[in-house]
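Working notes, structure below.
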């Protein structure tokens, strides 16, 4: 689906229609030549099914920039969108509202969700495979790929470290603040 934009008298008018799509079999040189075409450059392509019943709270792009993760609530859910096809890849309903999440791989195959019920849910390509409980309410989540540790900040004067290589909690990092709102 494409959307045409026309601006007459400074007012933008969006025309949503199933316009011409670029064929996948088109050679790279012809695709590059389309970048000079004014009509092609002014069009917008919409991502299908980018909606949530109540609201979307967080959106992140995978490191390979091929997929978009989005989380929303009422009901709590996570959706992954494929940018190559401009479509929904899959959606998952969760037990609790997502506070934060981290993408643990280059693509959509591994992710960790920090939930409002003090759990960290680990998801793989096939679905949810493990949950662990955080000692206190979590507020932020960070991932260190060099040590394969997930860092959880929350309502305590320490940052909890979950070693993904060993599958256990490591010694927490002490902080001077009575609570930590963000890790980055």
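Numbering (our numbering), first residue to last: 3 to 186.
Beta carbons are placed, not taken as given, at the ideal position from N, Cα and C, and that holds for glycine.
Keep in mind the model is a prediction, meaning the values are calculated, not measured.
Please name the residue in the options whose C-alpha comes closest to that of residue i.
{"i": "residue 171", "options": "151, 180 and 177", "result": "151"}
{"i": "residue 8", "options": "37, 41, 32 and 30", "result": "41"}
{"i": "residue 99", "options": "28, 181 and 77", "result": "77"}
{"i": "residue 167", "options": "149, 157 and 158", "result": "149"}
{"i": "residue 87", "options": "51, 159 and 120", "result": "51"}
{"i": "residue 80", "options": "109, 115, 165 and 106", "result": "115"}
{"i": "residue 103", "options": "142, 92 and 181", "result": "142"}
{"i": "residue 64", "options": "106, 33 and 128", "result": "106"}
{"i": "residue 120", "options": "157, 62 and 108", "result": "157"}
{"i": "residue 111", "options": "128, 139 and 181", "result": "128"}
{"i": "residue 101", "options": "33, 57, 73 and 113", "result": "73"}
{"i": "residue 59", "options": "117, 169, 181 and 130", "result": "117"}
{"i": "residue 130", "options": "147, 146, 159 and 94", "result": "94"}
Between residue i and residue j, what straight-line distance do the alpha-carbon atoms span, to the nearest angstrom?
{"i": "residue 187", "j": "residue 179", "result": "This structure cannot speak to residue 187, because the chain is shown only from 3 to 186."}
{"i": "residue 96", "j": "residue 126", "result": "14 Å"}
{"i": "residue 144", "j": "residue 11", "result": "47 Å"}
{"i": "residue 35", "j": "residue 155", "result": "49 Å"}
{"i": "residue 173", "j": "residue 161", "result": "9 Å"}
{"i": "residue 184", "j": "residue 75", "result": "21 Å"}
{"i": "residue 91", "j": "residue 14", "result": "31 Å"}
{"i": "residue 82", "j": "residue 163", "result": "26 Å"}
{"i": "residue 165", "j": "residue 175", "result": "13 Å"}
{"i": "residue 61", "j": "residue 132", "result": "22 Å"}
{"i": "residue 109", "j": "residue 186", "result": "22 Å"}
{"i": "residue 140", "j": "residue 122", "result": "9 Å"}
{"i": "residue 32", "j": "residue 136", "result": "53 Å"}
{"i": "residue 177", "j": "residue 138", "result": "15 Å"}
{"i": "residue 55", "j": "residue 134", "result": "28 Å"}
{"i": "residue 169", "j": "residue 153", "result": "13 Å"}
{"i": "residue 30", "j": "residue 37", "result": "11 Å"}
{"i": "residue 182", "j": "residue 27", "result": "51 Å"}
{"i": "residue 146", "j": "residue 124", "result": "15 Å"}
{"i": "residue 71", "j": "residue 39", "result": "32 Å"}
{"i": "residue 159", "j": "residue 113", "result": "26 Å"}
How far does the beta strand (DSSP E) with residue i in it extend, from its first residue to its last?
{"i": "residue 153", "result": "151–156"}
{"i": "residue 175", "result": "170–176"}
{"i": "residue 164", "result": "160–165"}
{"i": "residue 142", "result": "140–146"}
Just confirm the distance between the C-beta atoms of residue i and residue j, as a whole number of angstroms; I'd bet it's less than 8 Å.
{"i": "residue 69", "j": "residue 49", "result": "About 11 Å separates the two Cβ atoms, so there is no contact after all."}
Let's see if you can read the secondary structure: which residues bound the alpha helix (DSSP H) around residue i?
{"i": "residue 36", "result": "30–36"}
With hydrogens ignored, establish whether the beta-carbon of residue i is closer than 7 Å to any heavy atom of the ligand NAD.
{"i": "residue 76", "result": "Absent from the structure shown: the ligand NAD. Ligands present: none."}
task: Could you name each continuous beta strand (DSSP E) segment of 3 residues or more that falls completely within the region 49–132, going from the start of the chain to the end?
output: The region 49–132 contains these whole beta strand (DSSP E) runs: 57–63, 69–75, 79–84, 89–95, 100–105, 112–117 and 121–126.
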